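Asker:
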Ligand code: COA
């Protein structure tokens, strides 16, 4: 039986930390779907729109043959059912992620007991990394090239140039 997993997130933008989790998860499951959230939590207003985030992630992960990038909105467990995924993958960077992640995993298990959440320990090199940190450095004109794929740098530059904001 083929096992399909979903790695969901806002990916605003995808960082090398996310890429590391996606690469490792792609080796563990037959198929991996990167689920890019169309309506992230109320606390977040994405810098990149959904189409951009899907497009960027698709290019970055194009060499992984069993990985597919898809947008989703609404409940994650409903999306999981629609693509016949039985596993949700989440990366854990530090103990600080643990409480929130266990809470979400509990909610998702309650909503759909058939879907199991699997945690992958994020690379130790990037435990400090987050999409917000990347955005902050990018918008303030710092060097964030160690943290993202070159496509992300190109996209930031395009949007910053279009907005006419000086760095
Ligand atoms: N490397 C670098 N950064 C990482 C990381 C890693 N390995 N793992 C997580 N992060 C960072 C992200 O960059 C992000 O940083 P930010 O807050 O600065 O943007 C943060 O950790 C968490 O983001 P992410 O992993 O993208 O998850 P999220 O919290 O944005 O997304 C969803 C959560 C979309 C999966 C969740 O809200 C969801 O399932 N929504 C659908 C609605 C639903 O089903 N709700 C019921 C369950 S609560």
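Residue numbers (my numbering): 298 to 464.
All C-beta atoms in this analysis are idealised placements derived from N, C-alpha and C, irrespective of residue type, glycine included.
Since the structure is predicted, the reported quantities are computational estimates derived from the model, not experimental observations.
(1) Please work out which residues of its chain come closer than 6 Å, Cβ to Cβ, to residue 328, disregarding the five sequence neighbours upstream and downstream, and give them in chain order.
(2) Beta-carbon within less than 6 Å of residue 351's beta-carbon, same chain only, minus the 5 sequence neighbours each way: which residues are those?
(3) Can the beta-carbon of residue 303 be found closer than 8 Å to that of residue 386?
(4) Say yes only if the C-beta of residue 312 is nearer than 7 Å to one or more non-hydrogen atoms of the ligand COA, and no if none qualify.
(5) Between the Cα of residue 331 and those of 343, 342, 356, 344, spot the shortest distance and give me the residue it belongs to.
(6) Would you mind stating whether residue 314 and residue 397 have Cβ atoms separated by less than 8 Å?
(7) Quick check on the burial criterion: 16 or more other C-beta atoms within 10 angstroms. Buried or exposed for residue 312?
(8) Is the beta carbon of residue 428 less than 8 Å from the beta carbon of residue 310?
(9) Could you give the DSSP three-state label for residue 328: helix, strand or coil?
(10) Bridge partners of residue 365, per DSSP?
(11) Hey, does residue 405 have any beta-carbon neighbour from chain B nearer than 8 Å?
(12) For residue 359, which option in 391, 376, 323 has the closest C-alpha, if you only look at C-alpha atoms?
(13) Tell me, which residues are paired with residue 387 by DSSP?
(14) Flag this pair as yes or no: are the beta carbons of residue 377 and residue 415 separated by less than 8 Å?
(15) Looking at C-alpha atoms only, which residue of 349, 434, 407 is the closest neighbour of residue 283?
(16) Nearer than 7 Å: is that true of the beta carbon of residue 309 relative to any heavy atom of the ligand COA?
(17) Alpha carbon to alpha carbon, what distance is there between residue 395 and residue 381?
(18) Just reading off the alpha helix (DSSP H) that residue 302 is part of, what are its end residues?
Answerer: With the given structure in hand:
(1) Reading the chain shown from its first residue, position 31 is the one you call residue 328. Within the same chain, residue 328 has close Cβ partners 301, 363.
(2) As a first step, residue 351 must be located in the chain shown, where it is residue number 54. So the list reads 333, 366, 368, once near-sequence residues are dropped.
(3) The count along the chain shown starts at 1 and reaches residue 303 at position 6. The count along the chain shown starts at 1 and reaches residue 386 at position 89. Contact flag set, yes.
(4) Taking the first residue of the chain shown as position 1, residue 312 is located at position 15. Indeed, a heavy atom of the ligand COA lies less than 7 Å from the Cβ.
(5) Walking along the chain shown from the start, residue 331 turns up at place 34. The closest CA to that of residue 331, considering only 343, 342, 356, 344, is found on 356.
(6) Numbered from its first residue, the chain shown carries residue 314 at position 17. Numbered from its first residue, the chain shown carries residue 397 at position 100. No, these two residues do not count as a Cβ contact at 8 Å.
(7) Mapped onto the chain shown, residue 312 falls at position 15. Buried, by the Cβ-count rule.
(8) Residue numbering aside, residue 428 sits at position 131 when the chain shown is read from its first letter. Residue numbering aside, residue 310 sits at position 13 when the chain shown is read from its first letter. Yes; because the gap between Cβ atoms is below 8 Å, this pair is in contact.
(9) By one-based count along the chain shown, residue 328 stands at place 31. In this structure, residue 328 counts as strand in the three-state DSSP scheme.
(10) Position 68 of the chain shown, counted from the start, is the residue given in the question as residue 365. Its beta-bridge partners are 330.
(11) The structure shown has no chain B; it contains just one protein chain.
(12) Against the chain shown, residue 359 aligns to sequence position 62. Residue 323 is the option with its Cα nearest to residue 359.
(13) Position 90 of the chain shown, counted from the start, is the residue given in the question as residue 387. Per DSSP, 416.
(14) The count along the chain shown starts at 1 and reaches residue 377 at position 80. The count along the chain shown starts at 1 and reaches residue 415 at position 118. Going by C-beta atoms, residue 377 is not nearer than 8 Å to residue 415.
(15) The chain is shown only over 298 to 464; residue 283 falls outside these bounds and no answer can be derived.
(16) Position 12 of the chain shown, counting from 1, holds the residue named residue 309. The nearest non-hydrogen atom of the ligand COA is less than 7 Å from the C-beta of residue 309.
(17) As a first step, residue 381 is located in the chain shown; it is residue number 84 there, counting from the start. As a first step, residue 395 is located in the chain shown; it is residue number 98 there, counting from the start. Residue 395 has its alpha-carbon roughly 26 Å from the corresponding atom of residue 381.
(18) Here residue 302 refers to the residue found at position 5 of the chain shown. Residue 302 -> not in any alpha helix (DSSP H); beta strand (DSSP E) instead, spanning 301-306.
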